[in-house]
Structure formats: structure tokens, C-alpha cells
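Novice:
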């Protein structure tokens, strides 16, 4: 004879329902490690004239990929080898690091929206064919949510909105000032960096909720 | 003739008052880098029989100090040299690292209240006179607020309460599950680790608010 505690089973059922609902409605999380976007000009300086990046794997955002190629980046206090290049090439070279990475490099990255690199610190980049001294381009990416147009319309979000996102668990956290970026080229995903992931216990594929517009 | 915008001056005055109030009422923040507490037994194994720690500097909590002595810690994937020992010696050896540190070491620290090291991962510790293989003791410290008895009584907090703490700035964050620790041996201070500091932009001496009991 097995004893069944009805109250416990109901509690478990409720929790399972809650988790399934969260999975269905939550925003999937993508954790970004340090990486670099290169301009054509800088790609050629680092890898040789006319060089083209080789795809290593697709990223979750359509058309974006991690390249097989990596570079070294050097600051006044330290360096990182094998920093992944993300493709395709962009108008401007941009180096995305965490604040923790910044301590190792001796560089204080500015928290910025991707693409906005005015008045940001520089770094030295080394590739197999050359070395570049960049005088700007180092940022800690402002946390943001890539949002398809349909989803944004359905849920009442606009490009440029700032929202608050809440997590669960022992390191439960509310992240304020999360930028909404709407485009028909995007898949729904929240991007955070390693500091944000580690401080909140979030991992790739976890789901979070937008709690306030 | 100087034009004065009365509305602007009032706005600035209000902001200054708000900041002063925040300074007067806020909880000062202390950011903990990776460190280690040693038992007498382990101190002797690492530095020699009868060894005593030398004070390097006092910490903000009465009686606690950073020692001149450091050790190396080693995990399956990497190591850290010059990890600061905090004194005085304790009943059990405890190694406090961030989750980011854990990636470098190849160890996943458990988020735990200090002193609670059952079922936690181990690490290898090296000192000038010996090497110890610890089979437990590695934690990521649960964020907490050291609170004097008078302050706790006045503000209605009890030892063991969990509160939410809010920060300001571009990386504005609400930290849930912040443990209140009350003792007449404590100075008022919130302790967070490097991941939490870097993800929220908090630095030593910044002030934060408790927003919910």
C-alpha cells in the first residue's frame, strides 16, 4: 500500500504547470562571452588583404555567426588570447567585454548599446598578419532583448523601450534598463554578459520574464 | 546679468537632498574578491606548525583582517595565485570564489551562507610549507548584510531575514534573497562578490537601499 499525500501532489502539479507556463511565455536567455566584431579594413589588417571569415557556427540571431577565426586583445595590464570573432563584418570594429574582463586588461569598458562606440576606450588587437591599435571600441554591452516585430506588436513593445526583467532562484535578480530592440531580422532572445549571468545564476536557454514596461 | 532658471535650481536642490538622504540612510557596500579562511590545522599544514597570520590591514567588520599571507588554489582547469587569507583563523577552512572564478578553476561553487560548507566542492590549496587536498569548502558567498543589533531593532529586522536591495545607475539591479545577519560585533555593510559588483556597477563604499522586507 502506497501512501499518497494529496496536498503534495497538488503542489507539485501547480509547480509543474507554473514552470511550463514560464517556458512557454518566458524570454530565452543568451549569455555572451567576450567577443569582437571587425570592420573590413581591420579584418584585412589582421588576416591579410581580401580575407573572408569562415563560419564556425550559426548564432541564434539570423545571419549572425561565430567565426573560426580568433584574435588576441591586449590592454595595459593583461591580455586575452583566442577572442572569438563574430560575423558578418560590420561598419566599425567593436570589442565586447565584461567589467571583470576589464580588470584583467586594465581597461574600464563603458556600458553601451551595441554600435554606439563614441568616447569608449581602445585596445590592441593582434591577428596572424598584423596588429592594430584601436583608440576606441571597447564596450560592456547594455543588456537587451532582441524582439521580432510580431511579438513586439502583440505585447505592446516598441524599439528603444527600457524594461525590467526578473529571474528566479537563490540569486533572484531584477535587471532594470533592459533595452528592447525590435526587428523582423530578430529571434526573441535576451542577451546578457558573463557578469550578469554569473551574478544571477542565469545560463543559456533559461527563461526570464518581463515584469514592467 | 545672469539668467537663473528657478525650476532647474529647485530640481538640482531636490536631487542633492535625495542623494544626501541616500547617503545617510543607505547601506554601504563592500565588494569581496576571492579569498580564503583557514582552520588552525590547515594553516599549520600550509605555513608550518604553530604559524600565526600577520595582519596586513583591518577589514570593515571588527576583528576581521586581511593577512599578509596568501595561498594558491588549484582546480581541474586552472588556478589562482596569491589568494588572500582573511583572519582570524576559523573552525573550518572555507574558500570563497565567484562563479566566474569557478569557470577558470573548473569548479562550480555552491551559493551558500558563510560557514555552511556541507556538500560543497573541494580544491587544492598550496602554501610555502605544504599542499592540502580539500574535499569541500568552496562556496560563492550568499550576498548578505552585516547589521548591528541597534540598527536591526530600530528598523525592524531580525537575524536570518531575507530582503531585497536596490541599486541605481545604468545597470540598476534589484538583488533578492539578501540575507540579514545581526550581531553586536558587526558594522552595517552589504557584502557582494565581484560578479554581483560588476553586473550592477557597484563599488566599495557605494550605498544601496533595502526596498522590501
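Chains as they are written, first to last, in this note's numbering: chain A, 449 to 661; chain B, 449 to 661.
Glycine is no exception: its CB is placed at the ideal position from the N, C-alpha and C atoms.
As the structure is a computational prediction, the values presented were derived from the model and not from experiment.
Using DSSP bridges, identify the partner residues of residue 527 of chain A.
Specialist: The partner list for residue 527 of chain A (beta bridge, DSSP) reads A:522.
Novice: What is the DSSP secondary structure of residue 619 of chain B, reduced to helix, strand or coil?
Specialist: Residue 619 of chain B falls in the coil class under three-state DSSP.
Novice: What's the gap between the Cα of residue 567 of chain A and the Cα of residue 541 of chain A?
Specialist: Between residue 567 of chain A and residue 541 of chain A, the C-alpha separation is close to 14 Å.
Novice: What is the DSSP secondary structure of residue 546 of chain B, reduced to helix, strand or coil?
Specialist: In this structure, residue 546 of chain B counts as coil in the three-state DSSP scheme.
Novice: Considering only residues of the region 599-651 of chain A, which uninterrupted alpha helix (DSSP H) runs meet the minimum length of 4 residues and lie entirely inside it, listed in chain order?
Specialist: 642-648, all fully within the region 599-651 of chain A.
Novice: Between residue 647 of chain A and the rest of its own chain, which residues show a CB-CB distance below 8 Å, the 5 nearest in sequence each way excluded?
Specialist: Once the five neighbours on either side are set aside, the close Cβ partners of residue 647 of chain A are 619 and 621.
Novice: Use the C-beta contact count for residue 585 of chain A: other C-beta atoms within 10 angstroms, 16 or more gives buried, fewer gives exposed.
Specialist: By the neighbour-count rule (16 or more Cβ atoms within 10 Å), residue 585 of chain A is buried.
Novice: Does the Cβ-Cβ distance between residue 544 of chain B and residue 627 of chain B come in under 8 Å?
Specialist: No, the pair does not count as a contact, with Cβ atoms beyond the cut-off.
Novice: Short check: CB of residue 547 of chain B to CB of residue 643 of chain B, under 8 Å?
Specialist: Yes. Within cutoff.
Novice: At the level of alpha carbons, what is the spacing between residue 557 of chain B and residue 645 of chain A?
Specialist: For residue 557 of chain B and residue 645 of chain A, the distance between alpha carbons rounds to 14 Å.
Novice: For my contact list, residue 590 of chain B and residue 559 of chain B are in at a C-beta cut-off of 8 Å; report their separation, rounded to the angstrom.
Specialist: The pair is a contact, with the Cβ atoms about 6 Å apart (cut-off 8 Å).
Novice: How is the alpha helix (DSSP H) around residue 491 of chain B delimited, first residue to last?
Specialist: Element bounds for residue 491 of chain B: 488-495.
Novice: Compare the C-beta of residue 562 of chain B with all C-beta atoms of chain A and state if any pair is closer than 8 Å.
Specialist: By this cut-off, residue 562 of chain B is not an interface position.
Novice: Select from B:597, B:487, B:656 and B:490 the residue whose C-alpha is nearest the C-alpha of residue 617 of chain B.
Specialist: Checking every option, the nearest Cα to that of residue 617 of chain B belongs to B:656.
Novice: For the beta strand (DSSP E) containing residue 560 of chain B, name the first residue and the last one.
Specialist: Where residue 560 of chain B is concerned, the enclosing beta strand (DSSP E) stretches over 558-560.
Novice: Which bits of chain A does residue 651 of chain B rub up against, with CB to CB less than 7 Å?
Specialist: Those within 7 Å of residue 651 of chain B in chain A number zero; the least Cβ separation is about 10 Å.
Novice: Could you tell me the alpha carbon to alpha carbon distance between residue 651 of chain B and residue 458 of chain A, rounded to whole angstroms?
Specialist: For residue 651 of chain B and residue 458 of chain A, the distance between alpha carbons rounds to 45 Å.
Novice: Can you pull out the residues from the region 538-562 of chain A whose beta carbon lies closer than 7 Å to at least one beta carbon of chain B?
Specialist: Cβ contacts with chain B come from 546, 547, 548 and 559.
Novice: Select from B:615, B:593, B:602 and B:598 the residue whose C-alpha is nearest the C-alpha of residue 608 of chain B.
Specialist: Residue B:593 is the option with its Cα nearest to residue 608 of chain B.
Novice: Under 8 Å, do residue 580 of chain B and residue 573 of chain B count as touching if we go by C-beta distance?
Specialist: Against a cut-off of 8 Å, the Cβ pair of residue 573 of chain B and residue 580 of chain B comes out as a contact.
Novice: To the nearest angstrom, how far is it from the Cα of residue 477 of chain B to the Cα of residue 503 of chain A?
Specialist: Near 44 Å, if we compare the C-alpha coordinates of residue 503 of chain A and residue 477 of chain B.
Novice: Any C-beta of chain B sitting closer than 8 Å to the C-beta of residue 647 of chain A?
Specialist: At least one chain B Cβ lies under 8 Å of residue 647 of chain A.
Novice: Once the 5 residues before and after residue 509 of chain B are set aside, which same chain residues still bring their CB inside 8 Å of it?
Specialist: Answer for residue 509 of chain B: 594, 633, 634, 635 and 637, listed in chain order.
Novice: Could you tell me whether any Cβ in chain B is nearer than 8 Å to the Cβ of residue 452 of chain A?
Specialist: Judged by the 8 Å Cβ criterion, residue 452 of chain A is not in contact with chain B.
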